[in-house]
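The next block holds one structure in the form of structure tokens; read it before the comments.
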Amino acid sequence: MNTHDIEAFVAVVETGSIVAAATRLHLTQPGISRRVQSLEDRLGVALLERQSKPLKPTAAGREVYQRGRRVLGSVADLLAGVEPGSEASGEFRLGVAPFLAELALTHPIDRLRTEFAKLTLRITTGWSPTLLTLLESNTIDAAAVVLPDDVMPPSTLTTHLLSHQMPVIVAHRDAGLSEGRLSLRELASQAWVLNQDGCGIRRSIRNTLDAARLPVDVAVEAFGTELQLSLVARGVGIGMVMPGALARSAFRDQLRVLQVPEFKAGVNTWLVHARAPGRLAAPIERLRLDMSEMLDAEERLLV
Numbered sequence: 038m039n040t041h042d043i044e045a046f047v048a049v050v051e052t053g054s055i056v057a058a059a060t061r062l063h064l065t066q067p068g069i070s071r072r073v074q075s076l077e078d079r080l081g082v083a084l085l086e087r088q089s090k091p092l093k094p095t096a097a098g099r100e101v102y103q104r105g106r107r108v109l110g111s112v113a114d115l116l117a118g119v120e121p122g123s124e125a126s127g128e129f130r131l132g133v134a135p136f137l138a139e140l141a142l143t144h145p146i147d148r149l150r151t152e153f154a155k156l157t158l159r160i161t162t163g164w165s166p167t168l169l170t171l172l173e174s175n176t177i178d179a180a181a182v183v184l185p186d187d188v189m190p191p192s193t194l195t196t197h198l199l200s201h202q203m204p205v206i207v208a209h210r211d212a213g214l215s216e217g218r219l220s221l222r223e224l225a226s227q228a229w230v231l232n233q234d235g236c237g238i239r240r241s242i243r244n245t246l247d248a249a250r251l252p253v254d255v256a257v258e259a260f261g262t263e264l265q266l267s268l269v270a271r272g273v274g275i276g277m278v279m280p281g282a283l284a285r286s287a288f289r290d291q292l293r294v295l296q297v298p299e300f301k302a303g304v305n306t307w308l309v310h311a312r313a314p315g316r317l318a319a320p321i322e323r324l325r326l327d328m329s330e331m332l333d334a335e336e337r338l339l340v
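For the sequence shown, the positions run 38 to 340 when the working numbering is used.
Listed below in structure tokens is the structure:
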């Protein structure tokens with residue numbers, strides 16, 4: 038079986054068209070079509086739904102795509118292991134949880150692009166459970182995820198704990214809540230401004246209040262920390278954010294941190310990847326070091 042045929046099919050699935058796949062691989066459109074047809078003939082099944090736009094894989098095509106990605110990754114690892122002085126090359130498919138995007142997509146990504154010039158970065162942002170599923174199915178190569186204290190990444194993956202943080206609960210300065218300590222019951226009487234389900238912080242809130250048999254009243258689901266803080270600053274509800282995000286917020290002076298001693302749920306930030314990173318070992322280690330450094334700096338920000 039020709040790996041070039043597999044490469045062409047994978048490119049069509051990922052770009053959604055013969056034209057885009059040809060551009061990616063620097064081939065002609067007929068050349069891409071011939072390679073995909075050759076793979077279909079070799080396997081004896083149709084791999085693409087050719088009437089759909091963008092092009093989509095058939096049920097068999099989805100399976101071949103997943104297996105084909107692993108084959109191409111293994112070939113790249115083999116070449117990287119035998120070529121003298123070889124650099125990391127090919128694609129690095131990275132998943133990043135929303136909370137980490139502002140950190141990971143700045144200095145760490147710039148550093149990767151500078152140090153590994155032959156590496157093509159393809160970045161996906163999504164909730165941590167979704168990213169872990171993508172990682173286990175080999176759709177991405179590594180992921181930076183945020184999980185509550187009581188949740189561990191799958192044991193089939195290699196994990197690096199980057200940081201442990203305690204989020205802070207915030208309200209509008211004139212929200213009428215006690216300046217002293219609040220109980221979980223008092224906290225449960227308030228409406229929340231939170232991310233959609235899938236967010237690690239939201240899960241930690243629900244786990245804590247569920248354990249105390251208290252409700253979680255969500256007033257607004259809003260994506261993005263700064264948008265949430267703007268809503269809290271307008272008195273829509275209370276929110277929960279990382280200390281560093283609050284310290285950087287334009288709404289910081291309009292908010293105050295609530296003291297809730299019973300709320301002890303923290304979150305862990307992990308960098309997770311397959312057991313054998315192969316050709317991506319050096320880029321993953323570079324990313325781990327840079328993200329750890331930036332998260333350490335976050336923890337030093339005073340609220």
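Where a beta carbon is used, it is the ideal one built from N, C-alpha and C, also for glycine. From a predicted model like this one, the values you see are computed outputs, not experimental measurements.
Taking Cβ positions, are residue i and residue j nearer each other than 8 Å?
| i | j | result |
| --- | --- | --- |
| Leu268 | Ile206 | no |
| Ile177 | Trp229 | no |
| Leu149 | Leu308 | no |
| Asn232 | Glu258 | yes |
| Thr95 | Leu80 | no |
| Thr262 | Ala284 | no |
| Ile238 | Pro204 | yes |
| Leu224 | Val297 | yes |
| His144 | Asp333 | no |
| Leu137 | Val183 | yes |
| Leu344 | Met331 | Residue 344 lies beyond the range of the chain shown here (38 to 340); nothing can be said about it. |
State the Cα-Cα distance for the pair residue i and residue j, rounded to the nearest angstrom.
| i | j | result |
| --- | --- | --- |
| Val56 | Phe46 | 12 Å |
| Pro280 | Phe153 | 32 Å |
| Glu299 | Gly98 | 51 Å |
| Val101 | Lys93 | 13 Å |
| Gly122 | Asp186 | Confidence at Gly122 is low in this model, with a pLDDT of 46, below 50, so its placement is unreliable and no value can be given for it. |
| Ala248 | Gln227 | 17 Å |
| Gly53 | Leu62 | 14 Å |
| Ser192 | Pro320 | 22 Å |
| Arg72 | Ala48 | 11 Å |
| Glu335 | His41 | 45 Å |
| Arg32 | Leu142 | This structure does not reach residue 32, given that the chain is present from 38 up to 340, and the question cannot be answered. |
| Gln74 | Ile242 | 52 Å |
| Ala181 | Ile43 | 28 Å |
| Val119 | Thr161 | Reliability of the predicted coordinates at Val119 is poor, the pLDDT of 45 falling under 50, and no value is obtained from them. |
| Thr195 | Ser220 | 38 Å |
| Leu64 | Thr151 | 27 Å |
| Arg316 | Gly235 | 31 Å |
| Glu51 | Arg271 | 42 Å |
| Glu173 | Pro314 | 13 Å |
| Gly68 | Ala58 | 10 Å |
| Gln66 | Gly110 | 24 Å |
| Glu322 | His310 | 11 Å |
| Val253 | Val188 | 20 Å |
| Phe18 | Ile146 | The shown model of the chain, from 38 to 340, leaves out residue 18, and the question about it has no answer. |
| Arg104 | Leu76 | 13 Å |
| Glu86 | Leu169 | 28 Å |
| Leu264 | Arg240 | 19 Å |
| Arg70 | Thr60 | What sits at residue 70 in the sequence shown is Ser, not Arg. Taking the straight line joining both Cα atoms gives about 13 Å. |
| Gln88 | Asp78 | 19 Å |
| Val108 | Asn244 | 40 Å |
| Lys90 | Leu214 | 54 Å |
May I ask you to list the residues that DSSP assigns as paired with residue i?
| i | result |
| --- | --- |
| Asp254 | Ala228 |
| Lys93 | Glu86 |
| Phe300 | None; Phe300 has no bridge partner. |
| Phe129 | Leu158 |
| Ser220 | In the DSSP output, where bridge partners are listed per residue, Ser220 has none listed. |
| Ile275 | Trp229 |
| Arg293 | Ala208 |
| Asn39 | BP columns for Asn39 are empty, so no partner. |
| Thr193 | Answer is none; Thr193 lacks a bridge partner. |
| Ser267 | Bridge partners of Ser267: none, in fact. |
| Asn305 | Leu184 and His201 |
| His310 | Ala179 and Thr195 |
If residue i and residue j are in contact, beta carbons under 8 Å, what's the gap, nearest whole angstrom?
| i | j | result |
| --- | --- | --- |
| Pro218 | Leu251 | Reading off the sequence shown, one finds Arg at residue 218, where the question assumed Pro. Between Leu251 and Arg218 the Cβ distance is about 16 Å, and since that is not below 8 Å, they are no contact. |
| Val273 | Ala256 | 6 Å |
| Arg106 | Asn39 | Between Asn39 and Arg106 the Cβ distance is about 16 Å, and since that is not below 8 Å, they are no contact. |
**OP:** Could you say if the region 146 to 157 and the region 125 to 133 meet the contact criterion of at least three C-beta pairs nearer than 8 Å?
**Re:** yes
Subject >> the region 296 to 305 / the region 199 to 213 touching (three or more Cβ pairs under 8 Å) >> reply: yes
Subject >> Given 8 Å, three or more beta-carbon pairs between the region 286 to 294 and the region 205 to 224 >> reply: yes
**OP:** Decide yes or no for the touch test of the region 132 to 140 against the region 164 to 180: beta carbon pairs closer than 8 Å, at least 3 of them.
**Re:** yes
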